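>
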Amino acid sequence: MRERFKNTHILSCMLALNTAIYLPTVYAELAETNAVQQQVPTNQTISQDYNIPAGPLSKTLSSYAGKNGLNFSFDPSLTEGKTSKGLTGQYTVQQGFDQLLKDSGLEAMDDQDGGYLLIPAPESLPALGDGEDVLQLDQVNVRAQRFYELGPLPGLGLTKEEIPSNVQSISSKEIKDSHSLSMSDLFNTKLQGVTVNDYQGNPFQMDVQYRGFTAGPQIGSPQGLSVFIDGIRVNEPFGDVVNWDMIPMNAIANVDLFPGSNPIFGLNTLGGAFALKTKDGFNNTAMDAEVLAGSFGRKQLQIENGWNNGKIAFFGAGNFFMEDGWRDNSPSEVDQLFAKASYRGDKLDVHLSTLIVDTKLVGNGLIPSEEYSQNREGVFTAPDTTQNKLQQFQLAAAYQVNDTFSVTGQVYRRNSRRDSQGADVYTEFNGQTVRRNLTEGEQYTCLFDTSNKYEIPDYYVVDEAKYNSILGGEYGTLDEMFTDLDSQANTFNATLPDFYVNQAQNNFFFEQNFNRNETLNAAGESKYSYVTDDSDNSYAVQTSLSSLKDAQFDAGFYAFSSGDNFFYTDNGQKFHLIIKPPTNGDSCYGDVGGELLEVAGPEGGVQTVDGGAYSPTNPGVVDGTPTAVLTDNTIDQITDGASLQFNWNTEKHKFMIGVSVDRPTAEYSSTQQLGLLTADREFYYAPDELRDQYVAADVPISNNNFDGEQLTKSLYLSETWSPVETWHFNASARYNDTHGKNRMRTRTYGNYVPSLAELEAFPDYFAVCPKGMNCPTGYYIPESLDLLNEEESENFSYYSLNPSFGVAWQANPELNIYANFSQGVRVPSVIELGCALDKTPVSIGNDPSTGKEAFIYKSLKENRSCSLPSTLSGDPYLPQIKAQTYEIGVRGVIDNNIEWNLSAYQTNIDDDLYLVAYPGNRNFFDSIGSTSRQGIEAGLSGQKGKWGFSVNYALTEATFEDKFSISGNDNSSSYEQYAGNFNYSRLIDVEPGSRMPGVSLHNLNTTINYLVTPKWTVGLTAIAHSSSYVRGNENNKHQAGKVVYETVDIAGSPTLVARKSTNNPGKVPGYMTFNLQSQYQFTKNFSVNLLVNNILDTEYYSAGTLGRNPFSEGTYGARGPDGYNHNSLEWESTNFVAPGAPRAAWVSMRLLFD
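Take the sequence shown: its letter number 1108 is residue 1108 in the UniProt record's numbering, and every next letter is one higher.
1. Could you tell me the boundaries of the beta strand (DSSP E) in which lysine 299 lies?
2. Near asparagine 1089, what residues of its chain come up, given a Cβ to Cβ distance below 6 Å and the 5 sequence neighbours on each side ignored?
3. Please determine, among Gly55, Asn235 and Gly89, the residue with the shortest C-alpha to C-alpha distance to proline 664.
4. Shorter than 7 Å, the distance from the beta carbon of glycine 294 to the closest heavy atom of the ligand MN, or not?
5. Taking all protein chains shown into account, do 16 or more other C-beta atoms lie within 10 angstroms of the C-beta of leucine 872, making it buried, or fewer, making it exposed?
6. Taking all protein chains shown into account, decide if alanine 1145 is buried (16 or more other Cβ within 10 angstroms of its Cβ) or exposed.
7. Going by DSSP in three states, isoleucine 175 sits in which element: helix, strand or coil?
8. Determine which residues share a DSSP beta bridge with methionine 744 and list them.
9. Just to confirm, are valine 411 and tyrosine 399 a CB contact at a threshold of 8 Å?
10. Mind checking asparagine 250: buried by the 16 CB within 10 Å criterion, or exposed?
11. Per DSSP, what are the beta-bridge partners of asparagine 649 in this structure?
12. To the nearest angstrom, how far is the alpha carbon of tyrosine 886 from that of glycine 271?
13. Could you say which of Leu548, Gln573 and Gln392 lies nearest to isoleucine 638 if we only look at CA atoms?
14. First and last residue of the alpha helix (DSSP H) that includes tyrosine 467?
15. Serine 487 by DSSP, collapsed to three states: which one?
16. Could you tell me the alpha carbon to alpha carbon distance between aspartate 910 and glutamine 336, rounded to whole angstroms?
17. Mark glutamine 374 as exposed unless 16 or more other C-beta atoms lie within 10 angstroms of its C-beta, in which case mark it buried.
18. Determine the direct distance from the alpha carbon of glutamine 934 to that of proline 828, and round the result to whole angstroms.
19. Starting from tyrosine 99, trace the alpha helix (DSSP H) in both directions and tell me its first and last residue.
20. With aspartate 230 as the anchor, note down where its beta strand (DSSP E) starts and where it stops.
21. So if DSSP puts glycine 409 in a beta bridge, which residue, or which two residues, is it bridged to?
22. Using alpha carbons as the reference points, say which of Ser63, Ala938, Glu595 and Glu149 lies closest to methionine 656.
23. Output the boundary residues of the alpha helix (DSSP H) element that contains lysine 190.
24. Determine the burial state of serine 784: buried for a count of at least 16 other Cβ atoms within 10 Å of its Cβ, exposed for fewer.
25. Tell me which residues share the same chain as asparagine 502 and place their Cβ nearer than 8 Å to its Cβ, disregarding the 5 neighbours each side in the sequence.
26. Report back the beta-carbon spacing between serine 84 and leucine 100 to the nearest angstrom; my notes put them in contact at under 8 Å.
27. Using beta-carbon positions only, say whether glutamate 323 and glycine 365 come within less than 8 Å of one another.
28. Which parts of the stretch 201-266 are runs of the beta strand (DSSP E), unbroken and 3 residues or longer, counting only runs that do not cross its ends?
29. In the structure shown, what three-state DSSP assignment does leucine 61 receive?
30. Which of the three DSSP states, helix, strand or coil, is assigned to serine 124?
31. Based on Cα-Cα distance, which residue from Leu1152, Val661 and Pro770 lies nearest to leucine 267?
32. Suppose the cutoff is 8 Å on Cβ atoms and the five residues either side in sequence are ignored; what does the same chain contact list for glutamine 823 look like?
33. According to the neighbour-count rule (16 or more other Cβ atoms, all chains shown, within 10 Å of its Cβ), is leucine 348 buried or exposed?
34. Nearest to threonine 1013 by CA position, among Gly945, Glu961, Val951 and Val1044, is which residue?
35. To the nearest angstrom, how far is it from the Cα of valine 362 to the Cα of glutamate 290?
36. May I ask you to report which of helix, strand or coil DSSP gives arginine 734?
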C-alpha cells in the first residue's frame, strides 16, 4: 500500500535520511568547495569546559553554539518539545553536540564551512518500503542563530531576535573579503545608516557618521558614538575622538553595531555603539598572510597566526602599510601589532592582550572647489601630518561559577600620544601697519656704556650747587666737564641709595622697549614696572636718554637735558645724575623723532599689511609679509580602567549587573610659528625673509599648556525576560558619576589674546653696552618666549541615571517585531570645556550706525581663540548632552536564504554642542539647545544559487530644533549686527528644522557577488549618498550668484564694500561610486584578489565648508610666488571641499595554511 507522509516533522526526517544516504557525495562536494574558499576551519579536536544548564533543547544548543562561536543552522520544528540535560565537563565540539543531543533522535553534522547543521539521526527514521513506495518531502528551512554580547563585557549573550533594536554585524570573513583599508571604509560599504566625511583627506582619518552622529579623529567634531574593543572604550580622553588608524583590521573577529542611546555602553553613546571583538588562538589557528600593491604607491602586508594546545593559546596579527597618497604631498605609514595569550580551564578563561600602533599620516584637508577643478591632486596648504602612537594592555577573565551564573571582568591601560603638524594660510592682520626692516649699518638703539654695579648707563653724581654751576656755564664742552668730574672723588658711578637704584633699574629697563617688556611677557606682566617720578626722586628715561645724543655741543645744555634724574637723601640733600652720552649718538635714533619705521602709504597715512585695510585698490605688501602659520600639537593621553560584571543566564531571565571605573588623563601643548608658502603651497620657515616686526617668524609661540583628568564611576544592569519563547522584554539602566579637573596655562595679555602678527618685535630705544662688546642696535628678537600665564584650574562634576526599555516579539519563525526606548548622555570633553564660548555680554561702546550701546561676547572681546589648537578658556560651564531614542522595527527571512529588515527611529538631543566658527579661525563650542535625528533603515541580503547580494538603505534627517544665531561671514544670507569688530558682525539665524551640515538625507550601499566558477568570484559594490549642506550653511539659505555688502574697517573708518558675487552653492552634490572585486582561488592555500575602486572615476566630494580663498585672482591685490592675494577685499567666497579618491586598482595575494 502506497503511503503518503503528510506530517511535516516526518517528512523532514525523510529528507534528512535521503541526505544521509548521500553523505559521502555531500562531504566530497563540501571538501571541494572548501578547497577553493578562504575559510578558517573550526578546531574540532580541542577540548574545553562547559557548564550549560538543562532546559529546552533549542536554548541549550544556542548557548553551546554561542560559546564556541559557531554558525549553527537548524529547523526550529526539529527541537520543538525536546529538552536537554545540559552539558557539564570537558568536551570537543563534536563530543559536546553528541552529549547535548543524546536520546533526542537528532545529530549535528559539520557542514565543512565553519558551521554545523542539525539533522535527524539515521536510526530514528522509519524503514523505507519497497520500490513502489512513494515518498513526498517538504523542504527543511534552517536559520543560523548568532549570539550578541549585550554590553561592553561578555557574559550576557542574546540572539538578534531577543534584542529590541536594529543591531548590525560584520564577521571576520566579511572583513577579510571586503579588503577594506580601515574600519571607516568597511562601515561605509557594509552598514545601514553609515556615511563617511573625509575632511582630512586621508583614508585612515575619516569621520564616521551613523544616524547623524560622529565618531572620528578630528578634534573639534562633537562626538556622539562610542567605540569599544574587547570592552575597552577607545574614544580618546581629549575630545572623545576615535583614531581609526589604531585598529588592525586582521585582528578583529567581528563587529557589532548597537543603535540608539543604549545606556549599557556608557558615556558618549548618543547615537550608537560599535563593539569590536578581537581574535584568539583557540578559534584562529591558521597562518594567514596577504600582500597588496597597486595605485598611489600603496603597499601592505597583513599577517596573522594562532596556536593552542587546548588549555593555552596564542594569537598574533600584524598590519604594515605605506603609500604615497593620491594627492600631492600625502604619504602615510601604518604599523599595527596585536598579540593575545589565552588560558582556558575548567571554569576560568583568562586573556592577556596588547595592541601596539605607530602611524604617520598625512591628510591635506579641504581645498577650494575651483582649485580642485584645476588640479585634482592639488592641496590647499601643506604639510598636515599626524603621528599616532598607542600602547594598550588588557587583562580579561571569565569565571563560570555554576550552570547559570558567571563573572567577567577586566583591567586595562591605554597609553596614546598624538603629534601633529599642520600648515594653514595666515590672514589675521587686522589693519596692522607695515614696519620696515633696518638697512645695513642703520642703528636704532642708542647704546650707553656701563661699568657700574647697577648695570645702568654710566653716570656722575653731583650735588645741587655743582649742578647749578654746570648749568651756569662752568664748562664749555662735554670733554672738559667729564675730565673734571673724573678727577673728583665719589662722583663717577658713585653709590646710590637702594630706593633710587630700584627706581632707576625699573624705569630704564621698562622703558627700554615697551613691546619687549609688555606684549612679549606672560599676561603683559613685565619683570620691571615703571616707578612714577615725583618731586623727590626721578629717573626719567623716556625721550630723555635718547635726546642726550643731540645735546653734546654744550656742557650746560647737556646737563639741562639730563636734569630729570635726581634724588634726595634722608637729610634732604638733593643730588643730580649726569648720564654719559650714548656711544653711537651720532647715528642712533632712540625714542625721539616719532615712529621712524612705519611705511607711508601711496595716498598718505601709513601703509597697512593688508591692502584692503588701506583702500579697496591698494595692492598690499608682499615682501616680508607672512602668508602661512605652522601649528605643532602634542597630546599625551592615558586611560586606566577596570570593570566587573555578574551574569545570570536562565531559561527565562538573562540578567547582568556591573560596575566600572575609568580614569582618563590628558596633557596638551601647542605652538605656532609664522612662515611662507612655496609656489606649491608648502610651508617653510623664513625668519630671514619676513620682516623683523614678526617675533613669531623667529620664535615658536606657545598657545597653551593643558592637563586634565576625569574619574567616572558607573553602575549598570540589564534584564531580558522571556516569559514565553516568542516574547522578550528588556530593561537596562546605568548610573554615571563623573568628576574632573582641568589645569591650564593660557596665553593672554591682560584680558586680551594677541594674534601672532600682533606679537610685534621692536628695536630697543636704548640699551647698556659694556665696552668691548658688540651690542645689537636693531629689532629685539628673543631667543625663546614663554607667554603663558600662571596655571589656572577648574573642577566639574556630572551625574546621570539613564534607562532603556524594549520588547521583541517573534511573531512567527520568519518575522520579528521590536520597539525600544533608550536614554544616554555625553559629558563635554576637556577640549570642549576649555573651548566653550563665553556668551557673557560685554559693552563695547555705541554702534556707529545706530548710536546705541553695543555688546559683544566675552570670548570675542578678549580675542580668545580656539582654532584647535588655540588658547583655551576656563569657562563657562557646559551642561552634559542628553539623548533619548525611540525605535520600532521589523525583520525576518524569506525562503530561508533572504534576510530583510525595516526600522524607524528618532533621537532627540537636549543641550547639544556645536562648533561655532568666527573669522580668524576662531572656533568655540556652544550649547545650541535641542537637535533631532530621525530616519528609516532598510536592508535586504541573501544568496540565490551562484548569486549573493546585499542592499542597505538609510534615510537620515539631522536637524536643529531651537533657534540660534552664529557667525556667517561667508554665507550669502548673513546680515550685519555690529559687535565691536566688523569681523564678528555678520550673523545668520538658524531656524528650527534646518538640516545639519555634513549629513546626507539618502544613503545607499549595495553589493552583488557572482560565483563564475567554483574558483572564481566577481563582486560589484555601489555606494551612494545624496547631497549635504556644507559647514557655514547651517541655516540652509546660502545661494550662489549673490553679492554681499559688508562693512569693513578701511584706514580706520567703517566702509561699506561689495564683495565678489558668490559662485558656490551651499551644498556638496550627491554621488554614486562603484567598486569592483574579483577573486580567484588557485589552490586551497593560495588566492589572488583584484580590487578596483571608483571604476567610473567619478569626481565627488564627501563634505565641505564655506570659506574665503586668499589665493583668489584679483585686479588690485599684489601676489607673491605662492599666489596669496594681499588685498583681502578681493578674496572670493567658495566651497572648501573634501574630494574623493580617483579610480585606483590593487592586486593582493593571500597564503593560508592550517
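Note that beta-carbon positions come from the ideal geometry of N, C-alpha and C, so glycine has one too.
Fair warning: this is a prediction, and the values are worked out from it, not measured in the lab.
In short, the structure shows the following:
1. 298-308 is the span of the beta strand (DSSP E), which, as asked, contains lysine 299.
2. If we look at asparagine 1089 and ignore the five residues flanking it on each side, its Cβ neighbours are Gln1079 and Ser1148.
3. The residue among Gly55, Asn235 and Gly89 with its C-alpha nearest the C-alpha of proline 664 is Asn235.
4. No copy of the ligand MN appears in this structure; indeed no ligand is present at all.
5. Model confidence at leucine 872 stands at a pLDDT of 36, short of 50, so the residue's coordinates are unreliable; what they give is reported in the following sentence. Its Cβ being crowded by 16 or more others within 10 Å, leucine 872 is buried.
6. Exposed, since its Cβ has fewer than 16 Cβ neighbours within 10 Å.
7. Residue state, collapsed to three classes: helix.
8. Per DSSP, Phe706 and Glu792.
9. Their beta carbons are not under 8 Å apart, which means valine 411 does not touch tyrosine 399 by this criterion.
10. Label assigned to asparagine 250: buried.
11. Per DSSP, the beta bridge partners of asparagine 649 are Lys654.
12. For the pair tyrosine 886 and glycine 271, the Cα-to-Cα distance works out to about 11 Å.
13. Among Leu548, Gln573 and Gln392, the Cα nearest to that of isoleucine 638 is on Gln392.
14. Taken as a continuous stretch (DSSP letters only), the alpha helix (DSSP H) holding tyrosine 467 covers 464-471.
15. Collapsing the DSSP output to three states places serine 487 in a helix.
16. Their backbone Cα atoms lie some 39 Å apart in a straight line.
17. Exposed, by the Cβ-count rule.
18. Approximately 23 Å between the Cα atoms of the pair.
19. Note that residue 99 is glutamine in the sequence shown, not tyrosine. Run containing glutamine 99: 93-100, per the alpha helix (DSSP H) assignment.
20. For aspartate 230, no beta strand (DSSP E) encloses it, and the DSSP letter there is neither H nor E.
21. In the DSSP assignment, glycine 409 is bridged to Ala397 and Leu644.
22. If you compare the alpha carbons of Ser63, Ala938, Glu595 and Glu149 with that of methionine 656, the shortest gap goes to Glu149.
23. Boundaries of the alpha helix (DSSP H) around lysine 190: 183-190.
24. Exposed, since its Cβ has fewer than 16 Cβ neighbours within 10 Å.
25. Correct list, in chain order: Val531.
26. Indeed, because the Cβ distance is near 5 Å, the residues count as touching under 8 Å.
27. Contact check for glutamate 323 against glycine 365 fails: the beta carbons are separated by 8 Å or more.
28. DSSP runs (the beta strand (DSSP E)) wholly in the stretch 201-266: 207-210, 213-215, 225-229 and 252-259.
29. Leucine 61 carries a helical assignment under DSSP once its states are collapsed to helix, strand and coil.
30. Low confidence applies here, because serine 124 scores a pLDDT of 47, under 50, leaving its location unreliable; read the following figure in that light. Helix, per DSSP.
31. Looking at the Cα atoms, Val661 is the closest of the given residues.
32. Excluding sequence neighbours, glutamine 823 sits near Ser261, Pro263, Asn802, Pro803, Ser804, Lys882, Ala883, Gln884 and Thr885.
33. Leucine 348 comes out exposed.
34. Considering only alpha carbons, the answer is Gly945.
35. Answer to the nearest angstrom: the Cα atoms are 25 Å apart.
36. Secondary structure at arginine 734: strand, using DSSP grouped into helix, strand and coil.
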